[in-house]
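Visitor: In mature numbering (1 follows the signal peptide of the UniProt record, and there is no 0), the protein residues as written are -23 to -1, 1 to 71.
(1) Does residue -1 pass the burial test, meaning 16 or more other C-beta atoms within 10 Å, or should it be called exposed?
(2) Given this structure, state the Cα-to-Cα distance separating residue 24 from residue 40, to the nearest angstrom.
(3) Between the alpha carbons of residue 55 and residue 28, how many angstroms are there, rounded?
(4) Taking all protein chains shown into account, do 16 or more other C-beta atoms lie within 10 angstroms of the C-beta of residue -5, making it buried, or fewer, making it exposed?
(5) In this structure, does DSSP put residue 61 in helix, strand or coil?
(6) Apply the 10 Å Cβ neighbour rule to residue 67 and answer buried if 16 or more other Cβ atoms are within range, or exposed otherwise.
(7) Take the Cβ of residue 30 as the centre, count every other Cβ of all protein chains shown within 10 Å, and call the residue buried at 16 or more, exposed below.
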């Protein structure tokens, strides 16, 4: 009986300590890396937010989230992607 009382707190501590790292990441850093990239320009009216991929990813990219919740990977060298990031940053500051 005593061992069962000890198991629950240990199990609870383990579960709480093994939460995904996403909880501690920056809000502008994506949890995933991109391996395929969209070549089409997203309509600005579809874009809700963005995240940059982690520096540990093989290629730096931006992940745009649409208003319908779809995530779209785009290479950072795309001029329109840079413009959208600037616009979203400006919206966030207002």
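Beta carbons: idealized from backbone N, C-alpha and C, even for Gly.
Because the structure is a prediction, the values reported are computed rather than measured.
Guide: Quick answer:
(1) Note that residue -1 has pLDDT 27, beneath the 50 cutoff, so the model's placement of it is unreliable and the number below is only indicative. Exposed is the call here.
(2) 10 angstroms
(3) 15 angstroms
(4) For residue -5, the pLDDT reaches just 33, beneath the cut-off of 50, and the residue's location in the model is therefore unreliable, although a value from the coordinates is still provided. Classification for residue -5: exposed.
(5) helix
(6) exposed
(7) buried
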